[in-house]
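Input: a single structure, listed below in structure tokens.
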Amino acid sequence: MGTQIKLLTKWQLINLFGINVLFHTSDKKARQKALSLSIVGLFVVIVMLIYVGGFSYGFIRLGLGDVLPVYLIAVTSLVIFFFTMFKTGSVIFQKNGYDNISALPLYQGAVVISRFIRMYFENLLFSFAIMLPGIAVYAYFLKPSISFYSIAVIEILFIPLVPLTAATLFGALITAITSRMRHKSLLGAGLSVALVVVIMVGSTSLGSYDEAALNTMIHSMTDFMTQAIGGIYPPAMWMGTAMLQGDFLLCLLCIAGSVLAFLAVIALVSVKFHAICRGLFGTYAKHNYQVGALKQNSALLSLCTREFKRYFASSVYVTNTIIGPVMGVLLSIGILVSGEEKIMEFIPLQTNVAGLIPFLLACVCSMMPPTCSSISLEGKEWWIVKSLPVSTQTILDSKVLMSLLLILPFYTVSEVLLMIALQPGFLETIWLLLIPAIIILFSCVFGMTINLKLPVFTWENEVSVVKQSASALIGGLGGFLLAGVLVVPIILYPEVPADLLKLLICVLLLTATVMMHRSYSRVNLQEL
Amino acid sequence: MLTIQKVTKHYKGSSKGITDISLTIEAGDIYGFIGHNGAGKTTMLKCVAGIHGFEKGEIFIDGISVRENPILCKQKIAYIPDNPDLYEYLTGIQYLNFIADIFAVSARDREGKIKKYADDFEITSALGDLISSYSHGMKQKLAIISALVHEPKLLILDEPFVGLDPKASVMLKEIMRSICENGGAIFFSTHVLDVAERICNKVAIIKEGALVAAGRMDEIVQSGQTLESTFMEVVKNGNTD
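Those protein sequence lines, which keep their order, are chains G and Z. Take 4 as the starting number for the first sequence in my numbering and just add one per residue. Take 73 as the starting number for the second sequence in my numbering and just add one per residue.
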């Protein structure tokens, strides 16, 4: 079994981050694109290192140095968990190549472990990117003992294990539950979204304390934060404590616990691997259709309907793109229940923060629009629309239309709740309705524009397109970041009437949207 | 029906493609397109179908340029690839309705055609199931039905007989003849040379991206020879003598 694990892991890692394709492709354009993306990736890592170093320094200045390792471990683990949770199902139980693998004399456990190791290496990057700069800043200012360094180095390698194991367990559970159902993709997406909502709501309530306790704890911020983090994710507290106290025994116990948890989950998944795959890849066929009355629809409606069916056929696509609009509704519920003042406590700005609520709603609702992956997800079936007698504009408009119709119910519910909560005046109502609508429209068209520039048609797994492609990163965060940036002039120039600035913002965004729409309508799809 | 004039298309970063291809297909022709693996058959067919662009030359369908009026050209043709990658998240009937909607086929017309061809190919009962549950042959049949539902004037097929059962192959040949008898034309690539010899009235042989022979079957294949032996000779020597 060990030999099989080594062999399978080698073939899993050979194309990590697309390296093998890059080495063997003779397409110069593909190489240049990969090089550009690597530079962008490196830039992002550098920014992350600076950011983590910066807030670590802030922790130390506030006298919270002793809680820093615990905090860093918790953040790393949560990032890994959320990034991995939605993709473990499709990575561990990937359909591509399943028949070939099944026909070979391989242990199920070897297959599962090799795929897990691949995810481990992918996530080790997060561990290094977050822990290293933080630990370096801590070490520079607080001069810990030698044992701190040795434990830190060991623990950095093992931090991804628990969140990865938890994500694998949740992902495998969701996959196993839905594998025998007809609408597995939709159910899988629903369960994943529900899980995220529960975690988000649960973690906010875990962090709430009664006022007396809070006042006591605020005098000892270190204890407060350690307890808060320990309540949400105990391994972070244990591993952080081992690091701070130079406790090798505690470190070894944490590692042993992580490895045992990992082995237990792997054993469980391995035993059920083929059963889950068979259920997942099996299809439900009744073979009893009779041709009845059929309907004719317009090309745009037919294309849009097809887009919806494509969307709901992929749980990864749904979960990755619906979280933003769902968070918009949760935000609106939060404002309705707790009042805008409570929400705005998280935004310590000396400005009329209530006027920023439309931007806040736009920020979350415009995150990851489906258009930023919809071209890439055509994949091997891209030839179909290219061969059809329908204009580029109609094809692409159907994708944008699907995105807008998908977000519309969440936007509507959010707006209704906010109207009730804020009781805005006439102009405030206009901005509350218009600003999120325009930014959402912009983000959908922007996502489409970016995906046309950076399409990926050859992929093994939808995850690589929906979550890991350049188009998903740039196109998915465009609207989100823009909404954040657009509030800056309103905050920085309070002497300028906010209504005037908002009008200008709306006009500029609409103009940009129209220009992008005209530009993408002229794209020659044959060249993609 | 179809005029290809000195079409050249090369893939970026590769020497593969097609060079200076010219041929003409008239109404009533069943035109076979044969060549070794990687010769450029699929590239040529995809250029005609409007899936690939091309650097030089022109392609006219019923006198209309594929470059200048691609949508009008696509309305007259139907393309069936060798490997039918169809929308696995749709049922068979949903896919047929989708194609019929794009080609603006009326509800009444599509009902009749779908019923007829689905019965002929014996996949009616499976039309309500997801395409992901279909075998390769069933997907091939579905792709063929989707091509026929809008009555194309030019049917472009890439290795259409691969994966089809014998009955379906016979059905397809009859459909091809019927299209030609009604003023349409067929342009298809194949490796099954004896089928091409039996049903095609014209043939073109492509080698390493260039046309080495093209014309009427009785001119290309000499008396006493077969298409297979002619093909082997042409591929070896570079042309028919």
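Glycine included, C-beta positions come from ideal geometry on N, C-alpha and C. Source: prediction; values computed, not measured.
What residue range is occupied by the uninterrupted beta strand (DSSP E) comprising E194(Z)? Careful: E194(Z) lies outside any beta strand (DSSP E) and carries neither H nor E.
Sequence-distant residues of the same chain with beta carbon closer than 6 Å to G112(G), five excluded per side: For G112(G), where only same-chain residues beyond five positions count, the Cβ hits under 6 Å are S273.
Quick one, which of L229(Z), T91(Z) and I102(Z) has its alpha-carbon nearest K128(Z)'s? For K128(Z), the closest C-alpha among the options L229(Z), T91(Z) and I102(Z) is that of T91(Z).
Separation of I159(G) from G249(G), as counted between CA atoms: Rounded to whole angstroms, G249(G) to I159(G) spans 15 Å at the Cα level.
Applying the 10 Å Cβ sphere with the 16-neighbour rule, what's the burial state of Y414(G)? Buried, by the Cβ-count rule.
Let me check you understand the geometry: is the CB of E384(G) closer than 7 Å to at least one non-hydrogen atom of the ligand MN? Absence of the ligand MN is noted for the structure shown, with no ligands found whatsoever.
Simplified DSSP state of V526(G), which is helix, strand or coil: In the structure shown, V526(G) falls within a coil segment according to DSSP collapsed to helix, strand and coil.
Is there contact here, the region 438 to 455 of chain G with the region 362 to 373 of chain G, by at least three beta-carbon pairs under 8 Å? A contact exists between the region 438 to 455 of chain G and the region 362 to 373 of chain G.
Can you find the residues in the same chain that come closer than 8 Å, C-beta to C-beta, to I255(Z), ignoring five residues on each side of it along the sequence? The sequence shown places Gly at residue 255(Z), rather than the Ile named in the question. Counting only residues of its own chain and dropping the five nearest sequence neighbours on each side, G255(Z) has a CB closer than 8 Å to the CB of A99, G100 and K225.
Give me the residue from I171(Z), H222(Z) and M248(Z) with the minimum Cα distance to P232(Z). Among I171(Z), H222(Z) and M248(Z), the Cα nearest to that of P232(Z) belongs to M248(Z).
Starting from the beta carbon of N527(G), find every residue of chain Z whose beta carbon is closer than 9 Å, and list them in chain order. Among the residues of chain Z, those whose CB is under 9 Å from the CB of N527(G) are G125, following chain order.
List the residues of chain G that L162(Z) touches, going by C-beta distances under 9 Å, in chain order. Taking a Cβ-Cβ threshold of 9 Å, the residues of chain G close to L162(Z) are R309, K312, R313 and A316, in chain order.
In three-state DSSP terms, what is T75(Z)? Residue state, collapsed to three classes: strand.
Per the DSSP calculation, F259(Z) is bridged to which residue(s)? Y103(Z) and I228(Z).
Cβ of S394(G) within 8 Å of Cβ of V468(G)? In this structure, V468(G) does not lie closer than 8 Å to S394(G) by Cβ.
Against chain G, does P153(Z) count as a neighbour if the rule is that its beta carbon must be under 8 Å from one of theirs? By this cut-off, P153(Z) is an interface position.
Quick check: G193(G) and M370(G), are their CB atoms within less than 8 Å of each other? Their beta carbons are not under 8 Å apart, which means G193(G) does not touch M370(G) by this criterion.
Does the beta carbon of L74(Z) sit closer than 8 Å to a beta carbon anywhere in chain G? Not one chain G Cβ lies under 8 Å of L74(Z).
According to DSSP, is S59(G) helix, strand or coil? S59(G): helix per DSSP, three-state reduction.
Identify which residue in G107(Z), L74(Z) and T96(Z) has its Cα closest to the Cα of T302(Z). Nearest to T302(Z) by alpha-carbon distance, out of G107(Z), L74(Z) and T96(Z), is G107(Z).
With three or more beta-carbon pairs closer than 8 Å as the criterion, would you say the region 386 to 404 of chain G touches the region 489 to 503 of chain G? No, they do not touch.
Quick check: the region 202 to 220 of chain Z against the region 334 to 342 of chain G, are at least 3 beta-carbon pairs closer than 8 Å? Using a Cβ-Cβ distance cut-off of 8 Å, the region 334 to 342 of chain G and the region 202 to 220 of chain Z are not in contact, since fewer than three pairs of beta carbons, one from each stretch, lie closer than that value.
Between the CA atoms of H27(G) and L38(G) - distance to the nearest angstrom: Cα to Cα, the separation comes out at about 14 Å.
What residue does the beta strand (DSSP E) around K274(Z) start on, and which one ends it? Looking at the DSSP string, the run of the beta strand (DSSP E) that includes K274(Z) is K274 to K279.
Helix, strand or coil at D502(G) [DSSP, three-state]: Assignment of D502(G) by DSSP, reduced to helix, strand and coil, places it in the helix class.
Compare the beta carbon distance of K456(G) and E310(G) with 8 Å and say whether it is the shorter of the two. With a cutoff of 8 Å on beta-carbon distance, K456(G) and E310(G) are scored as not near each other.
Inter-residue Cα distance where the pair is A231(G) and G174(G): When the Cα atoms are used, A231(G) and G174(G) turn out to be separated by approximately 26 Å.
Can you find a CB in chain Z that lies within less than 8 Å of the CB of N323(G)? No, N323(G) lies away from the interface with chain Z (no Cβ there is under 8 Å from its Cβ).
Can you check whether the C-beta of Y159(Z) is within less than 8 Å of a C-beta belonging to chain G? Interface residue (Cβ-Cβ distance to chain G less than 8 Å): Y159(Z) is classified as such.
What does E183(Z) touch in chain G if you count any residue whose Cβ is under 9 Å from its own? Here the neighbours are V294, G295, A296 and L297.
With a cut-off of 8 Å on the beta carbons, I'd call L407(G) and S335(G) a contact; round off their distance for me. About 19 Å; that fails the 8 Å criterion.
Please list, in chain order, the chain Z residues whose beta carbon lies closer than 9 Å to that of W386(G). Those are K118, A121, I123, Y151, P153 and D157, listed as they occur along chain Z.
CB-CB under 8 Å to V448(G), same chain, minus the five flanking residues each way: which ones, in chain order? The residues are T374, V403, T516, M519, H520 and Y523.
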